[in-house]
Amino acid sequence: MSKVEAAITVCNLEKKFGDLVVLKNINVKIKTGEVVCVVGPSGSGKSTFLRCINYLEKPTNGDIVIGEWWLRGTEEKSGSIHVGNEQVAKEIRKSVGMVFQSFNLWPHKTVLENVIEAPLMVKKIKKSEITKTACILLEKVGLLDRKDYYPHQLSGGQQQRAAIARALAMQPEIMLFDEPTSALDPELVGEVLNVMKELAGEGMTMVIVTHEMGFAAEVADNVIFMEGGYVVEEGSPEAVFNHPKTDRAKQFFSSVL
-6 MSKVEAAITV CNLEKKFGDL VVLKNINVKI KTGEVVCVVG PSGSGKSTFL
44 RCINYLEKPT NGDIVIGEWW LRGTEEKSGS IHVGNEQVAK EIRKSVGMVF
94 QSFNLWPHKT VLENVIEAPL MVKKIKKSEI TKTACILLEK VGLLDRKDYY
144 PHQLSGGQQQ RAAIARALAM QPEIMLFDEP TSALDPELVG EVLNVMKELA
194 GEGMTMVIVT HEMGFAAEVA DNVIFMEGGY VVEEGSPEAV FNHPKTDRAK
244 QFFSSVL
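Following my numbering, the numbering of the sequence shown begins with -6 at its first residue and continues without gaps.
Right under this line is the structure:
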């Protein structure tokens, strides 16, 4: 994926599940090196938006351009569009890492094995080479001393940090985070957010669906507020959190800030 000013461009994105329209005319541009936090009430379409970016959900209409790769909406298009999107998605996922709410580690593999699996299988990197890289990443997230542990031997915060190291092992240009702390006990949230703050400080392009408003205010270059499948407000944390323009945003932030 080539380095361009706009890392992700979303045009007229729509997502339907049957008759239910979950995303409605989403238009967003995310710059290379930018940290964007997506916030809003439950059911507003935040996670679906994120999952459309790497084609875990198939966009119904609209376009998503990531670097040189183009995903197109599949409604009322020929079957070849579906095939083309699947091929494009495989390329996108080599450069776009994703961290999920539920960790999704392989339970039968150690932490180290979890981290090296994708680079070995997808990028065909030599095991000796990726093992060295994996150890550096595990040290980065504070888990080198747990490299031979299995997921069930780790706390939730440790599992999520292992999942971040696993995503970083693919050397992504973009990282997507889908509510990475929502499954954690409150005392474990900080250790995961600290790793994400470090990534933000290093200039990683990041799109983060989160309910941690303090974190968003601290690290985000841009905040997207979603409601009812629409992007209702977009701007700096200062503008969106402290000076919302719409009544719905004012109501939401008055209850969570």
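Built from N, CA and C at the ideal position, the CB exists for glycine as well. Bear in mind that the values here come from a model prediction, so they are computed numbers and not experimental data.
Residues near residue i by beta carbon distance below 8 Å, same chain, minus five either side
i: Glu227; result: Val21, Asn215, Val216, Ile217, Phe218 and Val233
Selected residue, minimal CA-CA separation from residue i, among the options
i: Val81; options: Asn47, Val28 and Ser248; result: Asn47
i: Lys116; options: Gln151, Ala156, Lys102 and Pro165; result: Pro165
i: Asn97; options: Gly33, Val32 and Phe170; result: Phe170
i: Ala0; options: Thr67, Val200 and Lys102; result: Val200
i: Ala158; options: Lys190, Asp138, Ile109 and Leu181; result: Ile109
i: Val202; options: Val14, Gly38 and Leu13; result: Gly38
i: Gly135; options: Lys120, His145 and Gln153; result: Gln153
i: Glu84; options: Pro34, Phe93, Val58 and Asn107; result: Val58
Distance between residue j and residue i (C-alpha atoms, nearest Å)
i: Ala242; j: Val225; result: 8 Å
i: Lys8; j: Thr124; result: 39 Å
i: Pro179; j: Ser40; result: 21 Å
i: Ile118; j: Pro112; result: 6 Å
i: Thr126; j: Lys140; result: 13 Å
i: Lys87; j: Cys45; result: 16 Å
i: Pro144; j: Lys102; result: 8 Å
Where the beta strand (DSSP E) through residue i begins and ends
i: Leu98; result: Where Leu98 is concerned, there is no enclosing beta strand (DSSP E), given that its DSSP letter is neither H nor E.
i: Met7; result: A small correction: the amino acid at residue 7 is Glu; Met does not occupy that position in the sequence shown. Start and end: Ala(-1) to Phe10.
i: Leu64; result: Trp62 to Arg65
Assumed close pair residue i, residue j - CB separation to whole angstroms, cut-off 8 Å
i: Val28; j: Ala193; result: 5 Å
i: Met163; j: Gly90; result: 6 Å
i: Asn5; j: Asp56; result: 7 Å
i: Ala155; j: Leu147; result: 7 Å
Residues near residue i by beta carbon distance below 6 Å, same chain, minus five either side
i: Gly183; result: none
i: Met168; result: Gly90, Met197 and Met199
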